[in-house]
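K.L.:
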Amino acid sequence: MIVMVIRRLRFLCILFLLAGQVFFGAVSEAAMRAYTPKAGSPERRMLLDLMRRKVLELHQLDVLFVVREMKLSSGWAWVHTLPRSKDGVGRYEDFIAIFHKKNGVWRIAEIPCTEPDNPNCIDSPDYVTRLRMRFPEMPDAILPSEMLSKQRNPFTGFWRESEGEIQELVFSANRTFSVTVHPFETYKDYWGHYVYDLKKRTIVFVMDGGNRKPVDVDLDGFFTFNKAGDLVLEGIFFGTLFQGKREAHGYCFKKYADK
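All letters in the sequence shown, in the order written, are residues 423 to 681 by this note's numbering.
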């Protein structure tokens with residue numbers, strides 16, 4: 423009888439734990455979804471009022487807004503508006519703002535540049551990558567879907583070590599790579615494919631073949647791009663090619679050509 427009671431209690435505990443995982447997993451997933459505040463809601467009025475003050479500060483214009491897009495998630499917001507004069511006659515350039523809510527207070531975190539043909543503005547394929555670098559906690563859920571769909575692979579191109587032996591690290595858009603110490607015509611030391619996660623900043627290289635294939639590689643690590651645009655790899659070791667094994671696994675590469 424006691425054994426049956428114990429088994430029943432264990433069974434109930436397992437059910438409780440599983441239910442908790444499902445519940446909190448659902449809560450976490452729901453928290454990351456974007457939503458749009460209803461027209462007239464206090465949150466919507468607050469965001470638009472902050473934008474109105476910013477337009478007045480920057481352009482000395484007192485405007486009303488037609489909201490093109492407003493998405494909020496996890497204390498972040500993306501608001502895209504079409505400013506109009508209060509009499510409805512004047513129409514001005516689109517005004518976009520990224521908000522962050524900290525300690526219960528919404529503040530403008532950034533006003534995206536909208537200039538055409540400017541590599542630092544929202545039309546650039548690299549814009550989302552740079553935005554994630556500035557605001558790593560910002561969820562993708564608030565960003566326009568068309569912006570996410572056109573982002574470019576940030577690695578594509580030819581890179582060389584700032585101080586070190588690897589003079590050619592090549593990333594192709596089709597997710598293949600090659601590593602070479604002394605580049606000569608089409609020669610490569612070894613090559614393979616890679617996968618990466620922009621949000622988690624993880625990257626994994628897989629060696630598929632080569633003329634010189636080191637066995638002491640560690641090809642699973644993390645990446646960042648510093649302010650100078652250099653590619654910094656942490657936890658990665660491309661293997662002993664000519665120099666001895668490094669004490670620390672990591673590299674800093676500078677791009678010298680696009681691919």
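C-beta: ideal position from N, C-alpha, C; glycine also.
May I ask you to verify whether the stretch 490-499 touches the stretch 556-565, counting CB pairs closer than 8 Å and requiring at least 3?
P.N.:
yes
K.L.:
Would a C-beta distance cut-off of 8 Å place residue 544 and residue 536 closer than the cut-off?
P.N.:
Yes, the Cβ-Cβ distance between residue 544 and residue 536 is below 8 Å.
K.L.:
If contacts are defined as beta-carbon pairs under 8 Å, then residue 599 and residue 627 qualify, I think. What distance do you get, rounded to the angstrom?
P.N.:
6 Å
K.L.:
Using the DSSP secondary-structure output, state which residues sit across from residue 585 in a beta bridge.
P.N.:
Bridge partners of residue 585: none, in fact.
K.L.:
Which of the three DSSP states, helix, strand or coil, is assigned to residue 544?
P.N.:
coil
K.L.:
Closest by CA to residue 636, which one among 617, 480, 516 and 611?
P.N.:
611
K.L.:
Could you give the first and the last residue of the continuous beta strand (DSSP E) run that contains residue 676?
P.N.:
Residues 672-679.
K.L.:
For residue 623, which residues from the same chain have a beta carbon less than 7 Å from its beta carbon, with the 5 sequence-adjacent residues on both sides left out?
P.N.:
644, 645 and 646
K.L.:
Quick test of your reading: residue 569 and residue 517, contact by CB under 8 Å. State the CB separation rounded to the nearest angstrom.
P.N.:
Contact doesn't hold; Cβ gap of about 16 Å is too wide.
K.L.:
Comparing C-alpha positions only, which one of 565, 638 and 502 sits nearest to residue 515?
P.N.:
502
K.L.:
Extract the residue ranges of the beta strand (DSSP E) inside the stretch 601-627, only unbroken runs of 3 or more that lie entirely within it.
P.N.:
612-619
K.L.:
Taking the C-alpha atoms as reference points, what is the distance between residue 452 and residue 562?
P.N.:
With a pLDDT of 45 at residue 452, under the threshold of 50, the predicted position of this residue should be treated as unreliable, and no value is reported.
K.L.:
Find out if the Cβ-Cβ distance for the pair residue 504, residue 521 is shorter than 8 Å.
P.N.:
no
K.L.:
Specify, as a first and last residue, the run of the alpha helix (DSSP H) that residue 471 falls within.
P.N.:
Unbroken alpha helix (DSSP H) run through residue 471: 464-481.
K.L.:
For residue 658, name the three-state secondary structure that DSSP assigns.
P.N.:
coil
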